[in-house]
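Residue numbers (my numbering), protein chains in the order written: chain Z, 115 to 374; chain P, 20 to 809. Cβ coordinates follow ideal geometry from the N, Cα and C atoms, glycine included. The structure appears below as structure tokens.
Set out below in structure tokens:
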């Protein structure tokens, strides 16, 4: 890796200030960033570690909304009891070493098209709180590795609406064990949301056809006949667009069955 | 009953104490005073004209001591190939040069172009980024079949084509084989791919070169399975250093699997650069670098035909294989698809006529060479797959069709030039059917169905040839090396023993098993015995470890040397006890005189050898140290039968291995626990090949599975708890221990069982159009197979 300085702010204000220096890059767990640096694919001048920022820690629930600090690790999210579907998802990200380091804020900011959290946030609904504003979940994701965040913007917390029932089904890519296709189904009082990760060239997305069918009838049978089109699905050595499109149907069916 | 430490005891591995507590001493742990580091500029193009390399800016970077390019290797030899194959017309293979650093052309992604030697690894890498290589990209040669068509771009302009050789075996039988097919009752044909693999040992390769000017000696510390072979190849063919001025040390090595047999450019570079600069030079491969510089394995495309009579008796086998050599000939690459593959095409069966054709092809990919099993997995896979397909076509039970064709009389001379000394294939098959509980399959099938899963049962047999030998024969077959092994047994004055062996241990457990043999022969505690290996300065010239040869060849050399030691010790004992040499017996660490109550402890005699106050100096020399070189009379032929049970998720195509059973005949066994461990590891690699691993290039010669994010390694939860049995034993008839070798069996025997099981599962579920799926049987491939024309 290239040489860089490291800043270790203790408060959000210090972190915001640090992000204004040179080619600053936020470090929040580093489970993607550190391997990227080691491969010399990025050359930030300053890494701003968010691990010590007091305002970005902790998990709390109020009025049906779960608020998770941006620096909360996957392990912490897996350990909370307010939102079981999310806890289960977090407990199956990577391996224990990844879960002890990786954070929800870091994952969402990176928006890997095969990551798990984006599906959870999009299906839950809610928002991303940053150092300067609050971004609705539906506006946050803008394609593979692209989000509404500005370059120096920091995710301070994630607010998720806790659904009445939910389940996440992840079909593993055999090598990386990221999601080849992952589907998060959330039944809210005002309707069902279905978010799909891993499958699309456009990154995480909502499968509105399935949402309509499930909002009318929340049962596995309601999605049995649905087929997601293969257009725009990812093609790589692990699966064709047709295979991924097929898996969206299978994983949605299984998520509904598990949640109902 | 085996004692708790001798032959047959499951003694715990003594080397594991240091491996598991972080006390191993690997090549990367070696840091010499004044050491420099090297980083290589590697080609990012698969094929191109190298028109110039500008190193001026790199040379001025901080910490840089020197930048090397191909021009610096003027007068230095290229990397040699250790095996020459002769083609169907009796001509030698096409053998291109293999420069240490590329000259004129780059021929694969990863081909080293230049090297920066600097005071730290990071600074060397910084400077590499400042080198500018002017490469005019050429069309890449990737597909083997297209590569041999007239008009294809050539990997090596000086050769007539991309065909390394076109090998026929046995060429004289070709017409007879064709006639047998013409008159056959039934012919089963199968086209298949043996997928390209990356060995991925846990420890990446490392090399440290050192040079002492005052005596002109070079030392290379390297991650090698065979330090003497590296010394010979690099010293004699590349750098012109005689053996007495070149020491090669391979300390603890973290897995080899074949890919650390070969002599690599980085080893020659570090040795050369250390001499040029006068300071130690170290290279440590990154995992990414390993993917584009370690020799790959397998990569065959085969069409096999099996001719049968109406009863399912095999009449003839005919194969055509394209074997990928990659861009250059790695050390033993030409032997793998030929002598390690064609000679195994009889398998466990009495097929009277066999013809094997192999076309070895150069492509713009990383060189391909031996990987755990080396040729024998490729032979086993195609044979055991075509037999299963034939059984389907003829409506026969897969066990029955095999049983019907087994070789039952030994020794047996195959039509592919080898003689099996011993075996009992019915015994291993029956053992397999018992331990796998084949009779209970229907019940397990019903349970799988009840939870919405398909289930299949696949079995196969295998034979392998280990301890490739004898030297005289392999020399006739094109080997440019002998294939003996060596050992020195040094007994110290107070009775302790040091064995210096040419076999190298990189996970096999020699430090435990070799002492078990000596302990058994003398009757002393194995704690009195140490094993030294891996350093050319203190071990006799040996050929190293590969091809499951250590105990069969290296162990035999050790036994021969120990026999000499014991013979001499008995002479000394006879003198001390004033008895006839013929009456001296050695057991439980004591010399006794038959028919008397006289006895002497082992240590009394060894002390006399070094303190020869009362000693037959007129007959024998003092000291107790003997060396033996053992050149076997034949290969050994381990064999067995394997069985796999899978579940398939019909919605996703995902395959899970539910049960795996292995019944092996390894002849006599020194340490059953270590043998089981070897089989477990081999099975994991074989299941990895069958279900997960795939090294893929795109049409431009770019490696698309170049990291563990895309190259799927088997993990612990990808394999079940194995049921392994090695109680069927037909001892090898021609080595002193009656041992056969077990290192590769698991990787050789398991892939066909997995594929047979998946095909069986799909066919039982009504997908009767499925007769084959190419490895790896990834979920997407299995799903596609289920849904193709189904």
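Per-residue burial, residue i [other beta carbons within 10 Å of its own, 16 or more giving buried]
{"i": "residue 375 (chain Z)", "result": "Given that chain Z is displayed from residue 115 to residue 374, the structure contains no residue 375 (chain Z) and the question cannot be resolved."}
{"i": "residue 605 (chain P)", "result": "buried"}
{"i": "residue 20 (chain P)", "result": "Note on residue 20 (chain P): pLDDT 41, under 50, position unreliable in the model; no value is reported."}
{"i": "residue 734 (chain P)", "result": "exposed"}
{"i": "residue 135 (chain Z)", "result": "exposed"}
{"i": "residue 25 (chain P)", "result": "buried"}
{"i": "residue 430 (chain Z)", "result": "Limits of chain Z in this structure are 115 at one end and 374 at the other, which puts residue 430 (chain Z) out of reach."}
{"i": "residue 259 (chain Z)", "result": "exposed"}
{"i": "residue 111 (chain P)", "result": "exposed"}
{"i": "residue 368 (chain P)", "result": "buried"}
{"i": "residue 534 (chain P)", "result": "buried"}
{"i": "residue 101 (chain P)", "result": "buried"}
{"i": "residue 279 (chain P)", "result": "buried"}
{"i": "residue 566 (chain P)", "result": "buried"}
{"i": "residue 340 (chain P)", "result": "buried"}
Backbone CA spacing between residue i and residue j [nearest angstrom]
{"i": "residue 118 (chain Z)", "j": "residue 138 (chain Z)", "result": "10 Å"}
{"i": "residue 714 (chain P)", "j": "residue 318 (chain P)", "result": "9 Å"}
{"i": "residue 479 (chain P)", "j": "residue 756 (chain P)", "result": "28 Å"}
{"i": "residue 76 (chain P)", "j": "residue 257 (chain Z)", "result": "40 Å"}
{"i": "residue 208 (chain Z)", "j": "residue 729 (chain P)", "result": "15 Å"}
{"i": "residue 44 (chain P)", "j": "residue 303 (chain P)", "result": "15 Å"}
{"i": "residue 388 (chain P)", "j": "residue 177 (chain P)", "result": "22 Å"}
{"i": "residue 173 (chain Z)", "j": "residue 737 (chain P)", "result": "35 Å"}
{"i": "residue 717 (chain P)", "j": "residue 558 (chain P)", "result": "45 Å"}
{"i": "residue 822 (chain P)", "j": "residue 778 (chain P)", "result": "The question about residue 822 (chain P) has no answer, for chain P in this structure spans 20 to 809."}
{"i": "residue 536 (chain P)", "j": "residue 772 (chain P)", "result": "34 Å"}
{"i": "residue 216 (chain P)", "j": "residue 709 (chain P)", "result": "11 Å"}
{"i": "residue 333 (chain P)", "j": "residue 359 (chain Z)", "result": "45 Å"}
{"i": "residue 197 (chain P)", "j": "residue 203 (chain P)", "result": "10 Å"}
{"i": "residue 767 (chain P)", "j": "residue 483 (chain P)", "result": "8 Å"}
{"i": "residue 166 (chain P)", "j": "residue 182 (chain P)", "result": "8 Å"}
{"i": "residue 234 (chain Z)", "j": "residue 176 (chain Z)", "result": "18 Å"}
{"i": "residue 9 (chain P)", "j": "residue 593 (chain P)", "result": "No answer is possible for residue 9 (chain P): it lies beyond the span of chain P, which begins at 20 and ends at 809."}
{"i": "residue 258 (chain P)", "j": "residue 287 (chain P)", "result": "7 Å"}
{"i": "residue 600 (chain P)", "j": "residue 538 (chain P)", "result": "22 Å"}
Proximity test, Cβ basis, 8 Å: residue i and chain Z
{"i": "residue 151 (chain P)", "result": "no"}
{"i": "residue 723 (chain P)", "result": "yes"}
{"i": "residue 728 (chain P)", "result": "yes"}
{"i": "residue 802 (chain P)", "result": "yes"}
{"i": "residue 731 (chain P)", "result": "yes"}
{"i": "residue 567 (chain P)", "result": "no"}
Within-8 Å CB hit, residue i to chain P
{"i": "residue 212 (chain Z)", "result": "no"}
{"i": "residue 232 (chain Z)", "result": "no"}
{"i": "residue 98 (chain Z)", "result": "Shown here, chain Z extends from 115 to 374; a query on residue 98 (chain Z) therefore has no answer."}
{"i": "residue 348 (chain Z)", "result": "no"}
{"i": "residue 207 (chain Z)", "result": "no"}
{"i": "residue 285 (chain Z)", "result": "yes"}
{"i": "residue 353 (chain Z)", "result": "yes"}
{"i": "residue 167 (chain Z)", "result": "no"}
{"i": "residue 337 (chain Z)", "result": "no"}
{"i": "residue 361 (chain Z)", "result": "yes"}
beta-carbon residue i near the ligand HEM non-hydrogen atom, thresh 7 Å
{"i": "residue 251 (chain Z)", "result": "Summarising the ligand content, the structure contains no ligands, and the ligand HEM is consequently not present."}
For the segment 117-182 of chain P, which segments carrying the alpha helix (DSSP H) assignment without a break, of at least 4 residues, lie completely within its bounds, in sequence order? Fully enclosed alpha helix (DSSP H) runs of 4 or longer: 140-147 and 163-166.
Are the segment 159-179 of chain P and the segment 378-385 of chain P in contact at 8 Å, needing three or more beta carbon pairs? Verdict: yes, contact present.
In chain order, which continuous runs of the alpha helix (DSSP H) of length 4 or greater are located wholly inside the segment 278-305 of chain Z? none
To test your reading of the DSSP string, which unbroken alpha helix (DSSP H) runs of 4 or more residues are found completely within the segment 589-643 of chain P? 621-629
Mind pulling the beta strand (DSSP E) runs of 3 or more residues that sit fully within the segment 424-484 of chain P? 473-482
So, does the segment 797-806 of chain P touch the segment 434-453 of chain P, judging by three or more C-beta pairs under 8 Å? no
Please go through the segment 285-366 of chain P and give each complete beta strand (DSSP E) segment of 3 or more residues, from N-terminal end onward. 300-303, 319-327 and 333-345
Evaluate contact between the segment 359-378 of chain P and the segment 291-306 of chain P, counting only Cβ atoms and requiring at least three cross-stretch pairs below 8 Å. Counting Cβ pairs under 8 Å, fewer than three are found: no touch.
Going along the chain, which unbroken runs of the beta strand (DSSP E) with 3 or more residues stay wholly within the segment 229-255 of chain Z? Counting only runs of 3 or more, we get 240-244 and 248-250.
Using 8 Å as the Cβ pair cut-off and three pairs as the minimum, do the segment 265-284 of chain P and the segment 386-404 of chain P touch? yes
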